[in-house]
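The structure under discussion appears below in the form of structure tokens.
Residue numbers (this note's numbering): 96 to 451.
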């Protein structure tokens, strides 16, 4: 496992092991997949201006997210159907997150129950529901997450309907025997994407309020790209915001998350923690996101490829690679603490200046 050095290597192994439908389910994006590619390419539009002769021997990668201490500013994003990738599914991912000391989001569309995952983990867990028309189901899921000791409710708001993904339509995913929507009532545990797996196109901020009122857990709003929506999320009680375009899986030609990040950080103005996902493949990507104002990042596909390639050990290795790369980048760039990354560490690639 230690000979695998990049997320791309894990993806190549995963492609060999997964069915075509399962691989495309994870790998594919909406439309022509420009946004999916832009999420990665956006990081190349920034360059470092390292500071030298800085004592970085005592680098601190740990941080606090929603009051919980974690070993580094990286968490695992909620993503559905992990049972397609590994028999232990979300339980394997939770164990890996616990071993690494990071937080993890559990999708409403998971193949293991809220309670199973809680039993497998001691790391901070966020439960991720959508806002749907079945308010009783939403209240029940929120109550179960709270009773199981979850640290937050992470509501995804960017999916009123499912994005059009050409690859997934050509290679539809099929649930193998025994892989079910584990948290759903029996009548919803059927093949295919239940309509509850998107938010619904007639719901608004008051529906978010209704879901938030059903729990005392902190509210995280995931799927924000517009600064105006970030402000609204704070006004509706969000303790944290995840800048996200759903990994480029919803609306093609949406802005890349790294490009959206600075304006949202400015709009929120410290009233909520701002995290981001999308395109994280290297430790230097994490450092760039922190320099642009992110409190932490979440990884989705990177964790999925680790899980598909080698189960729990694969996810652990992905997190270890990112931790090592982040630590090395901090040392060379002159950064000692992830909570104090100077925005001056970065310069836009098109306009490079080394003036003081």
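Glycine residues also receive a C-beta, built at the ideal position from the N, C-alpha and C atoms. Model, not experiment: these values are computed from the prediction.
Relative to the alpha-carbon of residue i, which residue among the options has its alpha-carbon at the smallest distance?
i           : options               : result
residue 371 : 426, 345, 315 and 347 : 315
residue 106 : 116, 98, 97 and 121   : 121
residue 177 : 395, 439, 419 and 305 : 395
residue 151 : 108, 445, 226 and 433 : 433
residue 376 : 125, 111, 116 and 137 : 137
residue 389 : 399, 365, 401 and 402 : 365
residue 342 : 108, 132 and 113      : 132
residue 327 : 214, 279, 425 and 367 : 367
residue 428 : 113, 404, 383 and 158 : 383
residue 306 : 280, 351 and 230      : 230
residue 409 : 165, 190 and 142      : 190
residue 196 : 440, 164 and 435      : 164
residue 260 : 159, 97, 108 and 347  : 347
residue 108 : 167, 279, 403 and 278 : 403
residue 159 : 422, 369, 440 and 264 : 369
Any idea which residues DSSP pairs residue i with across the strands?
i           : result
residue 368 : 335
residue 437 : Partner(s): none; residue 437 has no beta bridge.
residue 200 : 221
residue 141 : 443
residue 250 : 316
Quick check on residue i: buried or exposed, where buried means 16 or more other Cβ atoms within 10 Å of its Cβ?
i           : result
residue 386 : buried
residue 100 : exposed
residue 145 : exposed
residue 209 : buried
residue 515 : Any answer about residue 515 is impossible in this case: the structure gives the chain only from 96 up to 451.
residue 181 : buried
residue 296 : exposed
residue 438 : exposed
residue 452 : Shown here, the chain extends from 96 to 451; a query on residue 452 therefore has no answer.
residue 338 : buried
residue 392 : buried
residue 179 : buried
residue 273 : exposed
residue 148 : exposed
residue 287 : At residue 287 the pLDDT is 49, less than 50, meaning the model places this residue with poor confidence and gives no usable figure here.
residue 451 : Unreliable placement is indicated for residue 451, whose pLDDT of 48 sits below 50; no coordinate value is reported for it.
residue 362 : buried
residue 258 : buried
residue 111 : exposed
residue 162 : exposed
residue 360 : buried
residue 251 : buried
For residue i, name the three-state secondary structure that DSSP assigns.
i           : result
residue 315 : strand
residue 211 : helix
residue 304 : helix
residue 170 : strand
residue 287 : Residue confidence is low: residue 287 scores 49 on pLDDT, short of 50, so the model does not pin down where it sits. Its coordinate-derived value is still stated next. If DSSP states are grouped into helix, strand and coil, residue 287 belongs with coil.
residue 310 : coil
residue 358 : helix
residue 155 : strand
residue 379 : helix
residue 451 : The predicted model places residue 451 with a pLDDT of 48, which falls under 50 and marks its position as unreliable, so this point remains unresolved.
residue 160 : strand
residue 431 : coil
residue 268 : coil
residue 389 : coil
residue 422 : helix
residue 415 : helix
residue 299 : coil
residue 234 : helix
residue 373 : coil
Over what stretch of residues does the alpha helix (DSSP H) that includes residue i continue unbroken?
i           : result
residue 395 : Here residue 395 belongs to no alpha helix (DSSP H), and DSSP marks it neither H nor E.
residue 244 : That residue, residue 244, is in no alpha helix (DSSP H); it is neither H nor E in DSSP.
residue 326 : 322-330
residue 111 : 102-112
residue 119 : 115-122
residue 186 : 184-195
residue 261 : 261-265
Tell me which residue opens and which closes the beta strand (DSSP E) that residue i is part of.
i           : result
residue 132 : Element bounds for residue 132: not the beta strand (DSSP E) but the alpha helix (DSSP H), 129-136.
residue 165 : 163-165
Is there a Cβ of chain B sitting closer than 8 Å to that of residue i, yes or no?
i           : result
residue 267 : No chain B appears in this structure, which consists of one protein chain only.
Sorry if obvious, but does the Cβ on residue i come closer than 7 Å to a heavy atom of the ligand NAP?
i           : result
residue 280 : Judged by which ligands are present, the structure shown has none, so any question about the ligand NAP falls away.
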